[in-house]
Each structure stands twice: as C-alpha cells, then as structure tokens.
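Report on the structure given below.
There are 2 protein chains.
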Amino acid sequence: MRLAVDVMGGDHGPEELLQGVKVGLAADAALTKVFVVGPEAELRPLLERIQLTDPRVEIRHASEVLTMHDDPGIAIRRKKDSSVMRAIELVREGAADAVISSGNTGALYAGSTVRLGRLEGVKRATIACILPSKNGVWLLVDGGANPECTPEYLFQFGIMGSLYMKALLGIERPRVGVLSNGSEEGKGTDATRTTARWLKQTDLNCNGYCEGYDLFLDRIDVCVCDGFVGNIVLKSSESLGRAVRDMLHEELKTYHKPWRLLGAALAKGGLSRIRERMNPEVYGGAPLLGLNGCVIKIHGRASRTALGYAMHQARQIVNLQLSDSIVRELARWSTIPTMDAPVTTE
Amino acid sequence: MRLAVDVMGGDHGPEELLQGVKVGLAADAALTKVFVVGPEAELRPLLERIQLTDPRVEIRHASEVLTMHDDPGIAIRRKKDSSVMRAIELVREGAADAVISSGNTGALYAGSTVRLGRLEGVKRATIACILPSKNGVWLLVDGGANPECTPEYLFQFGIMGSLYMKALLGIERPRVGVLSNGSEEGKGTDATRTTARWLKQTDLNCNGYCEGYDLFLDRIDVCVCDGFVGNIVLKSSESLGRAVRDMLHEELKTYHKPWRLLGAALAKGGLSRIRERMNPEVYGGAPLLGLNGCVIKIHGRASRTALGYAMHQARQIVNLQLSDSIVRELARWSTIPTMDAPVTTE
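Protein chains in written order, with my numbering: chain A, 1 to 346; chain B, 1001 to 1346.
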C-alpha cells in the first residue's frame, strides 16, 4: 500500500504532518511507500531534524502551496505545481494508492474531481465523515464539499454512504436518513422531500427523514444532507465537544479544591475513555466517495496523531474496493430520479 | 404579572406541566395569576391530585388539543377551541401578559401570528433560543419557526436578536454573525451572502459570517440562520449533549470499578456544575420575537423544572419591553434591503 501525503496544508505546518507520517509508518507495517509532497528544500531539513529516516519515505517536490483563502477553482488552474495537485497526480499515475491532505477542502475536491474523474454515473463526489455517537459511529454525507445540492446528488450520497458504511463496519443494512427539521413527511425543503421519497423507493434501509436529535444517540447510520448543513453540523458538534472537554478539564483540575483533583484522578480511566471516544482526530480521515481513486481529507488542525490514524484508515478504505459496487448500485437505481418528478411545495 | 400556560402540549402530559406551574409559582412571588389552559374535566382532578391549591391558579377551559402531527395551518383554522389558541387568546384580550406552550411549534407560531399580529415593520416573527457556551450563552435566531427564509427575514432576525441579547444580558454590542459553512465572504448561499452584506451596513456589531465552530466557544452572541438549519443545530447539539451526559454517567458509575465511583463522588461538584451549565432545561424558554404580545415556546419534553424556569423567564422577557425598540430599529434600517439588491451567484 502506497500513500501520497500532502504535508503542506495543515494549520500546524509541515513538521507536525511529517511527525504524523512517522507515527503512521511505525504503526502500520503494510505501508510500503509514503510520498511526502511539498517544496523539497523545505521538507529535506525537516525530515533530518525529526529523524524520519524510514526508507519507505520519499519526497516529491511541489513548488507551490495552496492556502485556505485560495479560491478552489482558480487555484487548481493557476497553481498547477501545488502540493495537493502533485499528490493527486501520484494517484492518477498509479504511483500511489491513496492521497491524504489536510489543506483547502474545496481545492482537494475540485482538483481530484478534475484529475481523477468521477466514477461512471456519479453526479458529484461527496465527502463522507465518520462521527462518534453514544455507543458507536455514524456517517455524515456530505461533510462540506457540495454546499448546494440537487435531490439527485443527495440521492446518490445516500446510496454511496450506505455502501461505505456496510463495507467499512460490516453493518448489513445501514439506517439511512435525510436530515430535516422534523421527522414528518411535510417537513424540510423541496430538495429533502424529493430525496427522501426517492431513497424510500430503493432497497436501502431508509424510512425518509432523520433529525438532529437522532445523530449522536445511535439512531442512524448514514445521515444525508447538503454540504452547507453538513459543515455546520460537523463544526458545531466539534465546538460543543471542545467546550465540554474544556469545562471538564477546568472543573476537575481546580487546584484549590483538591478532592476534585483526587476525584478526577480516580475517575481518569472513565474520562479518558470518553475523551478518546469523542476525539474527532480518531475519526478524522474522510474519504471523497465517487471518484476514480482514493482521496482522504483530514482536518486542517490535524495533529501528528490524527495523520497517523488517517494513514491507517486510508489503507482500510483502499481495501474496501468500493468503486465497482458504487457504479453498480447507482446504475441499479438510476431510473428513480428520471421517472419521478421532484416534489414542489403545494 | 399574569401568565397563560397551555398545559396540554407536553410529551409528559398535563400532570407534569401542572407540577411545573406549582414549581414556578413557589419560586416567583411576582406572579399574580396563572391561567392553566386545557379541558377542565381533565385538569380539575389533576390539580386536586397534585394539591395545587394556590389561589393564583385559574383553569381556562379548552375542549381540543393539538398534537405534533397536526398541520399548523389547518389546526389553527379547524381546532378553534384548542388549548394553545385559548391560551393565546388570553394574551390578546389582555387577561394575561404572556403565554407559555410546549406544544406544536408551528401551530403556536402560526396561531400567535394570526391572533396577536406582528409588530409594525416585522416581516416574520422568529423563535429566539438561548444556548449555553463554554463560559456564557448565545442566541440562535431562528430556532425553527421559519424553515425557509428570505434575506430580509434573516436581516430582521439579526436586528431583533441583537436587541434581545442586549436587553436580556446587558451586553452593550452583541456580536452578530450569519451562520455559514466558512468565514470567507464567498461561502454560503445567496441568502446568507446577502444577509451578511446587509447586516454589515447597520451599526450592529456584525462582521458577516460565523461558523459552527464559533457557536459553543464564546465567539458569538447572536447566530442568524433559517429555521431549517436552526432546528438541526438545536437538536443535534441537544443529542450530542445527551450522549456525553449518558457516557459520563455510564463511565463513572461503573460499579465493578469502585475507584471510579469514588472518583465520581469526589468530582461530583464539578460534574454537576457542568451538567447544570449544559442543561437545556435551564435555557428552555424561547420567545417569539416580533409579535404584539409575549409568546414563549418550551420544549415538548419539558419537565416541571423546565416549566418552572420558563415561567420566571417569561416574567423577565415581558419586563424587557422590547416592542418599541424592535419597531424603531427595524424602521431605522428598513432602507438597506430596498436599496441594495440581493447578491446572486456569480
């Protein structure tokens, strides 16, 4: 298994991500090659400094770096020698099996769509994010790649999301729901109503809508929404999770109340289990589903640990070999949107 | 201060809400009258059973009850003798200063808009929900009343939300943000871009967008969004909060690991402080801003404690006397939407 890692896009700089490559390689002997992509003159001394001498590591030079402020459409045309485009290129050439990037999501999405192309029948690729729930995990599609979606895109996200969760976790019939502001059929928008009606006509395990209340309480496996809503759900839950973690930390490490400190120490196992369960880094690697090639987005704030996990996940995701089943299942249900006109508001 | 409480809409039934009236009355001597609205033959024996004999309580008979499945538009026309409509009527007549209901949000919103009317200049009333953040609180407008919004509605929600937070919490210049999938100007939808541009032209403390990541980390005071997104943010954060609470409970009450139990006991003060801070019931009373009269929505699952809090909040909100400032500020900025055409996608 060979990976291409764009080490230039992270908020913590390339050194942190190179440390992550070190973590990932140490944890996974099945990785045979990791291309680290970025300006060679910058990366070479960093590799030496952190003593990353693993022979599986190879620098691939890229002279340019995209920032979060680059417009994706313009960036992929004008900055052709960017680290993210070079990393994608390695997958296109067949030199790498998957690419991992923590950079500009829009550019990664646009660049990989243009360079790798979509699988047959796919209208839009989607970013599929795993999130923790009380006793398990659930999938958010789209996690932010497509802010505005037609019902047909959303319909396909549901199908691809279900296939992914089935393959990844072995759930026989993942519960699929279209995220709405209530469970009743009349709720939502024209797009959500149409999507829910279409998905109910497939053999997916879909009863129509799911609600915000279902997400973290093990009531759904695949939550379908556009990338505008998906981004907001993702980031607001991340901020709430962080607020609670910070509050726990402050309340339990109150040094002038030593019994709490003792309590925290005794309860430590439980608290760290929760912290670990709710840690977004563990779930950080989100694949773009629907492309000719494996592309994994990780968080801009990804730490070395997060990249280490993501490298392992990338290998898992490549091994799922989802492409054939995505093409087959999309073709199987492709007549539903054409035979059934979208719902419009009465 | 006189309140009308629709005791028929809650998931736990009227007895729980009558218990809540008891809690609220015991805690607040400034309440001079509480009308409990619902079928008299059902309420009278319940009052006796729970020994709610406070002379400030008066039953107002309503023969019908709306359910969550009633279509709001149809319900308010056909079920004229419903508890929620009778409760609103008491405010319209001037017999009560505010109405509290835990029933069908759509019916409460539609019914109070029709019966009380909107304040001058208000395009749509909005439901304003207070939520906890790491060290404080923030306001979500709209919390679910208006699933589809024009930029003009959203613009007015920002102005009304800012006035509410200023009056309620004494924040001189509340930070107002339009919720989007990123902070850059080009992000979002046509509606969010237009709204952000308009709000920046007022003297509100608004820099344009806020993101999901800002919400629970004290980075925003007023978050403006449509009710579709607002409902999802509200319910998903509630479900995440509950998942974390349940996990804490399970991890720390692991009886075969007694040291964790001891730890939990020692850390209890800290944990309950967090539980209290994050308890949605404390923030449960959400006013409909923009109406000729004070209407407070509480959660369908509201317990007696939640209603008790909401009764106290209702009194606070009535005392803010926001109507004049809402009418004045909306008039002051009313030319912005008419002079500045909505942004359309380039």
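For every residue, glycine included, the Cβ atom is placed at its ideal position computed from N, Cα and C.
The model shown is predicted, which means the values in this text are computed figures rather than measured ones.
| Query | Result |
| --- | --- |
| Can you tell me the Cα-Cα spacing of residue 58(A) and residue 95(A), whole angstroms? | 12 angstroms |
| So, at 7 angstroms on beta carbons, what are the nonlocal neighbours of residue 1216(B) in its own chain, with the 5 sequence-adjacent residues on each side left out? | 1133 and 1134 |
| Listing by chain order, which chain B residues have their CB less than 7 angstroms from the CB of residue 84(A)? | What residue 84(A) touches in chain B: nothing, since even the nearest Cβ is about 18 angstroms away. |
| Curious, which full-length alpha helix (DSSP H) runs of at least 4 residues does the segment 19-82 of chain A contain? | 40-49 and 72-78 |
| Ignore the nearest five residues each way along the sequence and tell me which others in residue 1123(B)'s own chain have a CB closer than 7 angstroms to its CB. | 1152, 1153 and 1156 |
| What's the C-alpha gap between residue 1051(B) and residue 1015(B)? | 11 angstroms |
| Do you know whose CA, among 111(A), 291(A), 131(A) and 42(A), lies nearest residue 219(A)'s CA? | 131(A) |
| Quick check on residue 1134(B): does DSSP put it in helix, strand or coil? | coil |
| Within a Cβ cutoff of 7 angstroms, which residues of the same chain sit near residue 10(A), ignoring the five residues on either side of it in sequence? | 16, 17, 102, 300 and 302 |
| Give the range of the beta strand (DSSP E) segment to which residue 200(A) is assigned. | Not the beta strand (DSSP E): residue 200(A) falls in the alpha helix (DSSP H), residues 190-200. |
| Taking the continuous beta strand (DSSP E) assigned at residue 101(A), which residues delimit it? | 98-101 |
| Taking 7 angstroms as the limit between beta carbons, can you name the residues of its chain near residue 119(A), skipping five residues before and five after? | 290, 291, 292, 323, 326 and 327 |
| Within a Cβ cutoff of 7 angstroms, which residues of the same chain sit near residue 1144(B), ignoring the five residues on either side of it in sequence? | 1105, 1127, 1227, 1230, 1231 and 1234 |
| Can you tell me whether residue 1166(B) is helix, strand or coil according to DSSP? | helix |
| Span of the alpha helix (DSSP H) holding residue 1317(B)? | 1304-1320 |
| Quick one: give me the first and last residue of the alpha helix (DSSP H) that residue 1337(B) is part of. | 1335-1339 |
| Look at residue 165(A) and residue 99(A) and say whether their C-beta atoms are less than 8 angstroms apart. | no |
| Look at the alpha carbon of residue 1091(B) and the alpha carbon of residue 1001(B), and state the distance between them as a whole number of angstroms. | 12 angstroms |
| Does residue 197(A) come within less than 8 angstroms of chain B when only Cβ atoms are used? | no |
| CA-CA distance, residue 7(A) and residue 37(A)? | 6 angstroms |
| Taking just the CA atoms, how far does residue 189(A) sit from residue 1121(B)? | 27 angstroms |
| Following a CB-centred definition, is residue 134(A) positioned closer than 7 angstroms to any heavy atom of the ligand GTP? | Summarising the ligand content, the structure contains no ligands, and the ligand GTP is consequently not present. |
| Exposed or buried, residue 1114(B), counting other C-beta atoms within 10 Å across all chains shown (16 or more means buried)? | exposed |
| Return the first residue and the last residue of the beta strand (DSSP E) that residue 1288(B) is part of. | 1286-1289 |
| Leaving aside the five residues before and after residue 1185(B) along the sequence, list all residues of the same chain whose C-beta is less than 8 angstroms from its C-beta, in chain order. | 1193, 1196, 1208 and 1209 |
| Please report the Cβ distance between residue 1224(B) and residue 1136(B), rounded to the nearest whole angstrom; I am assuming they are in contact, meaning their Cβ atoms lie under 8 angstroms. | The pair is not a contact, with the Cβ atoms about 18 angstroms apart (cut-off 8 angstroms). |
| Please classify residue 3(A) as buried or exposed, where buried requires at least 16 neighbouring CB atoms within 10 angstroms. | buried |
| My output table needs one value for residue 1006(B): the three-state DSSP class, helix, strand or coil. | strand |
| With a threshold of 16 other CB atoms inside 10 Å of the CB of residue 1337(B), please say whether the residue is buried or exposed. | buried |
| Alpha carbon to alpha carbon, how far is residue 1035(B) from residue 1005(B)? | 6 angstroms |
| Does the separation of the CB atoms of residue 239(A) and residue 1213(B) fall below 8 angstroms? | yes |
| Chain B beta carbons: is any one of them nearer than 8 angstroms to that of residue 276(A)? | no |
| Taking the Cβ atom as the reference point for each residue, do residue 31(A) and residue 315(A) lie within a distance shorter than 8 angstroms? | yes |
| Starting from residue 1148(B), find everything on chain A with Cβ-Cβ shorter than 8 angstroms and list it in chain order. | 189 |
| By how many angstroms is the C-alpha of residue 1200(B) removed from the C-alpha of residue 66(A)? | 29 angstroms |
| Out of 39(A), 25(A) and 24(A), state which residue places its alpha-carbon closest to the alpha-carbon of residue 13(A). | 39(A) |
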